[in-house]
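Per the numbering used here, the sequence shown starts with residue 197, numbered consecutively. The C-beta atom is built at its ideal place from N, Cα and C for all residues, glycine as well. In this text, all values refer to a predicted model and were calculated from it rather than measured experimentally. Below: one structure, written as structure tokens.
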Amino acid sequence: MHPSPNALDQARMSYENHLATCRQCAADGLQCAVAKLLRREYNNQNRASLRGLADAPAAQAR
Ligand SMILES: [Zn+2]
């Protein structure tokens, strides 16, 4: 498995783009199910790329 920076970028852009355009997410600061999925995808990509590029421990952000 080789996560590319491009995939990480795309996951992040999808997530940020969703937050910028989704009314439900903007309404209350509460993220909808789609946002949670996108964020999880981004976190997975981020963790995978950190593991691949460096030995730095991945941030356990929740
Ligand atoms: Zn949303």
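Tell me whether A231 counts as near ligand 1, meaning its Cβ is closer than 7 Å to at least one heavy atom of that ligand. yes
Determine the extent of the alpha helix (DSSP H) in which L204 is found, giving its start and end residues. P201 to T217
For A203, which residues from the same chain have a beta carbon less than 6 Å from its beta carbon, with the 5 sequence-adjacent residues on both sides left out? Q241
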